[in-house]
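Numbering of the sequence shown is given in this note's numbering, commencing with residue 3 and proceeding in unit increments. Here is the structure we will look at.
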Amino acid sequence: MQVVNRKGEREDVRFDAILDKLRRLAEGLDPNWIDPANLTKLTIEGLYDGVTTRELDQLAAETAASLVSQHPDYSKLAARICVDDLHRSTKDVFSDVITDLREYIDPESKKHAPLISEEVYDIIMANAEVLNNHIDYTRDFNYDYFGFKTLERSYLLRLDGEVAERPQHMLMRVAVGIHHGDIEKALRTYDLMSNGYFTHATPTLFNSGTPMPQMSSCFLLTMQDDSLHGIYDTLKQCALISKSAGGIGLSIHHIRAKGSYIKGTNGTSNGIVPMLRVFNDTARYVDQGGGKRKGSIAIYLEPWHPDLIEFLDLRKNHGKEEMRARDLFYALWTPDLFMERVQDNA
Numbered sequence: 003m004q005v006v007n008r009k010g011e012r013e014d015v016r017f018d019a020i021l022d023k024l025r026r027l028a029e030g031l032d033p034n035w036i037d038p039a040n041l042t043k044l045t046i047e048g049l050y051d052g053v054t055t056r057e058l059d060q061l062a063a064e065t066a067a068s069l070v071s072q073h074p075d076y077s078k079l080a081a082r083i084c085v086d087d088l089h090r091s092t093k094d095v096f097s098d099v100i101t102d103l104r105e106y107i108d109p110e111s112k113k114h115a116p117l118i119s120e121e122v123y124d125i126i127m128a129n130a131e132v133l134n135n136h137i138d139y140t141r142d143f144n145y146d147y148f149g150f151k152t153l154e155r156s157y158l159l160r161l162d163g164e165v166a167e168r169p170q171h172m173l174m175r176v177a178v179g180i181h182h183g184d185i186e187k188a189l190r191t192y193d194l195m196s197n198g199y200f201t202h203a204t205p206t207l208f209n210s211g212t213p214m215p216q217m218s219s220c221f222l223l224t225m226q227d228d229s230l231h232g233i234y235d236t237l238k239q240c241a242l243i244s245k246s247a248g249g250i251g252l253s254i255h256h257i258r259a260k261g262s263y264i265k266g267t268n269g270t271s272n273g274i275v276p277m278l279r280v281f282n283d284t285a286r287y288v289d290q291g292g293g294k295r296k297g298s299i300a301i302y303l304e305p306w307h308p309d310l311i312e313f314l315d316l317r318k319n320h321g322k323e324e325m326r327a328r329d330l331f332y333a334l335w336t337p338d339l340f341m342e343r344v345q346d347n348a
């Protein structure tokens, strides 16, 4: 059986070569539980003739992750296999990666589509030697499997669908995007994040240093007005916030209840449920960061609202579909007066 290496050349699958690599990556893990030889055997059992080395690494990582119930260190080993593969397929120099991201050309439109802002790019280029030399790529190996795969899936910037950043590149991009020309603070922030002392929220990791540097996590809104103009203007706001990875809390207390009179049409309102289904579909359609993470909208309602019971049923798994909106989050906005009445049993 043969494997295709990264140069496109075919070579024989060698048990010893795979074992040596897994032993190297398993250094520092519990030797009483982590068995590189057994992992090599299980990996080879899943290979086929002509498998690529990247596919081999992926299979080894998935196999290691499947053994996590035996010992949590298998999760660390699985992540190390993935990181080792990523390091082989990405550039070593931070400023070179930033240049590629800045000079990106959209393959369909053939137009310049930079993924790094001009200001941040200029700062990084002016301080390239300091930033490049400060990055410690060994810290990429500190993630567990779930953590790394989450980064890989949603947070690391891509070029033509392929991951271009390493975790350390992302963290340095974020640090410079926050502190701009204050390189000392940027390096301090990078060190604290890469050593696991803290992390920034998702919008910051997504957007810092990019042409759309929206780094706030949460936006609190009130429905603009009890009218179509107010409802759809608010819906537009929610869509734009979700586009840039913001989460939303929205109060809808003053939207009229089902059966309420509508002066402009001499008709009656359908209530909050059909309206919330529109917001639900918007949260599904306008996900955060263009497919990186689902949109997140929490809806708040005070307990005096006549549509309260229907509101509380919106996430149920059964019932009429037209009365459900399961992708939103719901909460009661409970005033002190309500709790005073509860206390008085009034």
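Where a beta carbon is used, it is the ideal one built from N, C-alpha and C, also for glycine. This structure is a prediction, so every number in the text was calculated from the model and none was measured.
In the DSSP assignment, D14 falls outside any alpha helix (DSSP H) and within the unbroken beta strand (DSSP E) covering R12 to D14.
The beta carbon of L278 is closer than 6 Å to those of A327 in its chain, skipping five residues each way along the sequence. Secondary structure remark: continuous alpha helix (DSSP H) runs of at least 4 residues inside the stretch 141-229, in chain order: 147-152, 169-181, 185-196 and 204-209. Using a Cβ distance threshold of 8 Å, H231 and W335 do not count as a contacting pair. In the three-state DSSP reduction, I254 falls in the coil class, being neither helix nor strand.
Under the Cβ criterion (8 Å, minimum of three pairs), the stretch 209-219 does not count as touching the stretch 182-191. A distance below 8 Å separates the beta carbons of A63 and I83. Its chain contains F96 and V99 as the residues whose beta carbon lies nearer than 6 Å to that of H171, once the 5 sequence neighbours on both sides are disregarded; these appear in chain order. The three-state reading of DSSP puts G269 in strand, counting E and B together. When C-beta atoms of the stretch 127-136 are compared with those of the stretch 161-168, fewer than three pairs fall below 8 Å, so the two segments do not count as touching. In this structure, the straight-line span from the alpha carbon of I257 to that of G251 is close to 16 Å. Assignment of beta-bridge partners to L334 by DSSP yields L303. Counting only the Cα atoms, T101 lies some 22 Å from E186. F143 and G183 have their C-alpha atoms some 29 Å from each other. The count of Cβ pairs closer than 8 Å, one atom from the stretch 25-45 and one from the stretch 107-126, stays below three, leaving the stretches out of contact.
By the CB criterion at 8 Å, S229 and G249 fall outside the cutoff.
For the pair T42 and D146, the Cα-to-Cα distance works out to about 20 Å. Nearest in C-alpha terms to H202, of all of R175, M214 and T224, is R175. Where V5 is concerned, there is no enclosing alpha helix (DSSP H), although the beta strand (DSSP E) around it starts and stops at Q4 to V6.
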